[in-house]
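**Q** Submitted below is the structure of interest, expressed as structure tokens.
Protein chains: 2
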Amino acid sequence: MKIAGLTLILTLSGVLSASMVDEAKKAGFKPIPTDEKELLKLIDNRENPLNSAKIELGKRLYFEPRLSKSNLISCNTCHNLATGGIDGVESAVGDGWTTNPHHLNSPTVYNAVFMDRQFWDGRADNLEAQAQGPLQAKPEMAISKEMAVERISSMDGYRDEFKMAFGDDNITFKRIADAIGAFERTLVTPSRFDKFLAGDEQMLNNEEKRGLKVFISKGCSSCHNGVGVGGSMQKFPLLKPYKYASVGDFKGDKSGMVKTPTLRNILRTAPYFHNGAVWDIREAVEIMGETQLGVKLSREEVDSIVKFFEALDGELPDVIYPKLPAVTIKTPKPDID
Amino acid sequence: MKIAGLTLILTLSGVLSASMVDEAKKAGFKPIPTDEKELLKLIDNRENPLNSAKIELGKRLYFEPRLSKSNLISCNTCHNLATGGIDGVESAVGDGWTTNPHHLNSPTVYNAVFMDRQFWDGRADNLEAQAQGPLQAKPEMAISKEMAVERISSMDGYRDEFKMAFGDDNITFKRIADAIGAFERTLVTPSRFDKFLAGDEQMLNNEEKRGLKVFISKGCSSCHNGVGVGGSMQKFPLLKPYKYASVGDFKGDKSGMVKTPTLRNILRTAPYFHNGAVWDIREAVEIMGETQLGVKLSREEVDSIVKFFEALDGELPDVIYPKLPAVTIKTPKPDID
């Protein structure tokens, strides 16, 4: 009897301690795999398979300012790996100090690999396709495909790196974007929430668990779920108007669908929303309650949800800053006009 | 006799092989010390003593875009550690995409510690004093002292880092610049030429040695010498007019003195001259022959000197890209107008 009672207690405590994790899983959350092979399977792209040479080349190109018309802007300018993968301004600023014509905010590159689609209107299938956009966009890096290839081809070393990454030394615009995409696929940030989802309930403190409960019960996790804690296309605004809709003119894709941003590292990526109109995470949560769920969240509920966000703060990968090759006499000159 | 003969040959060969090194030393070149204590003595600033916490804080602040009015520009924007410590444009571009009003080129931060003075007109005594300039300059980072302190003070973690670096957690504008200066002091790039100067004559190949001979015999080393292979204030142009003098309006300090740029990593730091008017290192060498030495260097002499420059290409220090703190509700917002 005594032994049976002990067993019962252990079983019950096991059930209790697993319950919150199970609830989170039932709500659709998935952890970033800790197993390297499993992670690789999740982040890889069959059409642009990862290899270490390609990732290293991609890192170099990600930081490569000569990939902009002016020589002054790199991918890292708007998706700064030092500051949560963003630029810290409401609306992206690019070539000629031009702000994004639709007042669109730069989404974080960290964990972008987990998004179903790329860009706020989801018009790119994956990171490789996305990378081709800002390189060429006039208000961003403003370089032509031809100029990008000419610049990179003119500098010593890159040809060998393309050979190691792609099997031959052909430098094409697509490969430039593919290498950048490959690097970006590695920018994932495992957090305490992942360890929690993997079964270690102690990784979230009680306040965070309360926040997670509110987050699930209010319905936030119906869109912010999966490995990305976001990433699907959703109608926005859904139930009530977005109070800052007049900032910029973005209305989503043809059907008014907008990509759900990841909530991983959300406390590092202010300002919020597609138009960067909100700096305070509490206000952002309140607005989401209204526009998407049609509820007025209490002050306590908002605070509790924000507490949960602390558990989504991930470990950023270490990045050794690259040493890029010098321009040569053949390198096309920058154009800052 | 035989033994004496052998001794004589060995001695002669010793004299011969040492002679080029001696000649270089006589011309005023000095190596970057390999001994850590000696190096520290050379790069340290008694009024802002180096320590590892200060260097690490300085690195973070060097890459800190929130130290600009816009949140978009850091020290690294114009002195990019990935591209030889420069920006690769003729004239620096800063806040609001404003080009330097005097069309001044951003000098490399690498080995800047070895320069006698800072800025093209030498108006700053040292790196700490220099760092205060671009932070505040309207066409550069355009931040006020007060705003810089307010931004940094508002973010988590910095206060502790200042305490570790300076002994107490007082965050001041001077300390921000002092930490940046401390980091910059560590950006030295030992090269084959240093090993050569330390006695290993084999570190330069014959072409480079020939180039060094031309460099010395033509008089280039009368200004480009010391550990910095440059760094003193000199009259420019001295003997003949500078053919691109009309680009910008810079005329040096009150006496027409201009800081001699370092030639370390010179093959990585195009475009050349204070106004960045020359992209081709060969043309730059030709012009220097004319304006400063009053000689027309032959094509062969120019090529030979440029060969020598290859030996000045140094090993850039490894830099782990920083992970900076998130803004808080208290952090003053960026202003991109």
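First to last, the sequence lines map onto chains A and B.
Read the first sequence against the numbering used here and you will find it ends at 400, with the numbers running on by one and no gaps.
Read the second sequence against the numbering used here and you will find it ends at 400, with the numbers running on by one and no gaps.
Even glycine gets a Cβ: it sits at the ideal position worked out from N, Cα and C.
Quantities reported herein were computed from a predicted structural model and do not represent experimental measurements.
#1: Use the C-beta contact count for Asn18 of chain B: other C-beta atoms within 10 angstroms, 16 or more gives buried, fewer gives exposed.
#2: Closer than 9 Å, CB to CB, is Asn143 of chain B near chain A or not?
#3: Do we get a CB-CB distance below 9 Å when we pair Tyr221 of chain B with the residues of chain A?
#4: State the Cα-Cα distance for the pair Lys393 of chain A and Ser217 of chain A, rounded to the nearest angstrom.
#5: Which whole-angstrom value describes the C-beta separation of Leu167 of chain A and Ala155 of chain A, a residue pair presumed to lie in contact below a C-beta threshold of 8 Å?
#6: Beta carbons nearer than 8 Å to chain A: which residues of the segment 279-297 of chain B have them?
#7: Using a 10 Å radius around the Cβ and a threshold of 16 neighbouring Cβ atoms, would you call Gly262 of chain A buried or exposed?
#8: Counting C-beta neighbours from all protein chains within 10 Å, is the total for Leu302 of chain A 16 or more, i.e. buried, or is it exposed?
#9: Kindly indicate which three-state DSSP category Ser207 of chain B falls into: helix, strand or coil?
#10: Considering only residues of the same chain and omitting the five flanking positions on each side of Gly121 of chain B, which have a CB-CB separation below 6 Å?
#11: I'd like to check one pair, Lys272 of chain B with Phe182 of chain B: are the Cβ atoms closer than 9 Å?
#12: Give a yes or no on whether the minimum CB-CB distance between Gly151 of chain A and chain B is below 9 Å.
#13: Mapping the DSSP letters down to three states, classify Gly352 of chain A as helix, strand or coil.
#14: Of all the residues that make up the segment 154-166 of chain A, which are near chain B by a beta-carbon distance shorter than 9 Å?
#15: Could you confirm whether any beta carbon from chain A is found closer than 9 Å to the beta carbon of Arg248 of chain B?
#16: In this structure, how does DSSP classify Ala187 of chain A when only helix, strand and coil are distinguished?
#17: Could you pull out every residue in the same chain whose Cβ sits closer than 7 Å to the Cβ of Asp400 of chain B, ignoring the five residues on either side in sequence?
#18: Suppose the cutoff is 8 Å on Cβ atoms and the five residues either side in sequence are ignored; what does the same chain contact list for Leu102 of chain A look like?
#19: Taking the continuous alpha helix (DSSP H) assigned at Val277 of chain B, which residues delimit it?
#20: Can we count Ile136 of chain B as close to the ligand NAD, meaning its CB is less than 8 Å from some heavy atom?
#21: Any Cβ of chain A within less than 9 Å of the Cβ of Leu71 of chain B?
#22: Against chain B, which members of the segment 363-395 of chain A pass a CB distance test of less than 7 Å?
#23: Mind listing which residues of the segment 317-350 of chain B have their C-beta closer than 9 Å to chain A's C-betas, in chain order?
#24: Arg238 of chain B versus chain A: which residues are under 9 Å apart at the beta carbon?
#25: Take Phe299 of chain B and list the residues in its own chain whose beta-carbon comes closer than 6 Å to its own, dropping the five residues that flank it on each side.
#26: Going by Cα to Cα distance, which pick from A:Tyr305, A:Cys286, A:Glu203, A:Pro304 is closest to Thr296 of chain A?
#27: Output, in chain order, the set of chain A residues within a Cβ distance shorter than 7 Å of Leu135 of chain B.
#28: Round the Cβ separation of Leu375 of chain A and Val292 of chain A to the nearest angstrom and send it over; I've been treating them as touching at under 8 Å.
#29: Can you tell which of A:Thr235, A:Glu119, A:Glu213, A:Glu346 has its C-alpha closest to the C-alpha of Pro397 of chain A?
#30: Is Phe126 of chain B close to chain A, meaning its C-beta is less than 9 Å from at least one C-beta of that chain?
#31: Which value, in whole angstroms, describes the spacing of the CA atoms of Glu432 of chain A and Glu349 of chain A?
#32: Tell me the rounded alpha-carbon separation between Thr325 of chain A and Met266 of chain B.
#33: Anyone know if the C-beta pair for Arg345 of chain B and Val369 of chain B falls short of 9 Å?
#34: Compute the Euclidean distance between the alpha carbons of Leu387 of chain B and Leu144 of chain B, then round it to the nearest angstrom.
#35: Please determine if the segment 332-342 of chain B and the segment 228-243 of chain B are in contact, where contact requires at least 3 C-beta pairs separated by less than 8 Å.
#36: Just the Cα atoms here: how many angstroms apart are Arg109 of chain A and Leu360 of chain B?
**A** The answer reads as follows:
#1: Here chain B covers residues 64 to 400 and nothing more, so residue 18 of chain B does not appear.
#2: Taking the first residue of the second sequence as position 1, residue 143 of chain B is located at position 80. Asn143 of chain B counts as touching chain A.
#3: Numbered from its first residue, the second sequence carries residue 221 of chain B at position 158. Tyr221 of chain B does not count as touching chain A.
#4: Translated into positions along the first sequence, residue 393 of chain A becomes position 330. Translated into positions along the first sequence, residue 217 of chain A becomes position 154. Taking the straight line joining both Cα atoms gives about 6 Å.
#5: Along the first sequence, one-based indexing puts residue 167 of chain A at 104. Along the first sequence, one-based indexing puts residue 155 of chain A at 92. Right, the Cβ-Cβ distance comes to about 6 Å (below 8 Å), so this counts as a contact.
#6: none
#7: For the purposes of this step, residue 262 of chain A is taken as residue 199 along the first sequence, with counting starting at 1. Flag for Gly262 of chain A reads exposed.
#8: Here the question's residue 302 of chain A lines up with position 239 in the first sequence. Looking at its Cβ environment, which holds fewer than 16 other Cβ atoms inside 10 Å, Leu302 of chain A is exposed.
#9: Here residue 207 of chain B is taken as the residue at index 144 of the second sequence, counted from 1. In this structure, Ser207 of chain B counts as coil in the three-state DSSP scheme.
#10: Position 58 of the second sequence, counted from the start, is the residue given in the question as residue 121 of chain B. Counting only Cβ-Cβ distances below 6 Å, and skipping sequence neighbours, we find Ala242, Ile243, Ala245, Phe246.
#11: As a first step, residue 182 of chain B must be located in the second sequence, where it is residue number 119. As a first step, residue 272 of chain B must be located in the second sequence, where it is residue number 209. The answer is no: Cβ separation not under 9 Å.
#12: If you number the first sequence from 1, residue 151 of chain A lands on position 88. With 9 Å as the cut-off, Gly151 of chain A counts as an interface residue toward chain B.
#13: For this step, residue 352 of chain A is matched to residue 289 along the first sequence. Reduced to three states, the DSSP call for Gly352 of chain A is helix.
#14: Ser154, Val156, Asp158, Gly159, Trp160, Thr161, Thr162
#15: Reading the second sequence from its first residue, position 185 is the one you call residue 248 of chain B. Not one chain A Cβ lies under 9 Å of Arg248 of chain B.
#16: Taking the first residue of the first sequence as position 1, residue 187 of chain A is located at position 124. DSSP places Ala187 of chain A in strand when its eight states are reduced to three.
#17: Counted from its first residue, the second sequence places residue 400 of chain B at position 337. Excluding positions up to five away in sequence, the list is empty.
#18: Counted from its first residue, the first sequence places residue 102 of chain A at position 39. The answer, listed in chain order, is Ile95, Pro96, Val251.
#19: To locate residue 277 of chain B, count along the second sequence from 1; it is residue 214. Segment 269-281, the alpha helix (DSSP H) holding Val277 of chain B.
#20: Absence of the ligand NAD from the depicted structure is noted, as is the absence of any ligand whatsoever, leaving it without description.
#21: As a position in the second sequence, residue 71 of chain B is number 8, starting the count at 1. Note that Leu71 of chain B scores a pLDDT of 49, beneath 50, so its modelled location is shaky; the value from the coordinates is reported in the next line. Answer no: the Cβ-Cβ gap between Leu71 of chain B and chain A never drops below 9 Å.
#22: Leu379, Asp381, Val382, Ile383, Tyr384, Pro385, Lys386, Leu387, Ala389, Val390, Ile392
#23: Asn328, Leu330, Arg331, Thr332, Ala333, Pro334, Trp342, Asp343, Ile344, Arg345
#24: As a first step, residue 238 of chain B is located in the second sequence; it is residue number 175 there, counting from the start. Residues of chain A passing the Cβ test: none, with the nearest at roughly 20 Å.
#25: Indexing the second sequence from 1 puts residue 299 of chain B at position 236. Answer for Phe299 of chain B: Val321, listed in chain order.
#26: The residue you call residue 296 of chain A lines up with position 233 of the first sequence. Before going on, a small fix: residue 296 of chain A reads as Met here, not Thr. Per the Cα distances, A:Cys286.
#27: Here the question's residue 135 of chain B lines up with position 72 in the second sequence. Asp150, Val152, Val156, listed in chain order.
#28: As a working note, residue 375 of chain A is residue 312 in the first sequence. As a working note, residue 292 of chain A is residue 229 in the first sequence. At roughly 6 Å, the Cβ-Cβ gap stays under 8 Å, so Leu375 of chain A and Val292 of chain A are in contact.
#29: Numbered from its first residue, the first sequence carries residue 397 of chain A at position 334. The option with the nearest alpha carbon to Pro397 of chain A is A:Glu213.
#30: As a first step, residue 126 of chain B must be located in the second sequence, where it is residue number 63. Output row for Phe126 of chain B: interface = yes.
#31: A question about residue 432 of chain A goes unanswered here, because the residues of chain A that appear run from 64 up to 400.
#32: Here residue 325 of chain A refers to the residue found at position 262 of the first sequence. Here residue 266 of chain B refers to the residue found at position 203 of the second sequence. Answer to the nearest angstrom: the Cα atoms are 53 Å apart.
#33: In the second sequence, residue 345 of chain B corresponds to position 282, counting from 1. In the second sequence, residue 369 of chain B corresponds to position 306, counting from 1. Taking 9 Å as the Cβ cut-off, Arg345 of chain B and Val369 of chain B qualify as a contacting pair.
#34: Taking the second sequence and counting its residues from 1, one reaches residue 387 of chain B at position 324. Taking the second sequence and counting its residues from 1, one reaches residue 144 of chain B at position 81. Near 17 Å, if we compare the C-alpha coordinates of Leu144 of chain B and Leu387 of chain B.
#35: no
#36: As a working mapping, residue 109 of chain A is identified with position 46 in the first sequence. As a working mapping, residue 360 of chain B is identified with position 297 in the second sequence. Cα to Cα, the separation comes out at about 57 Å.
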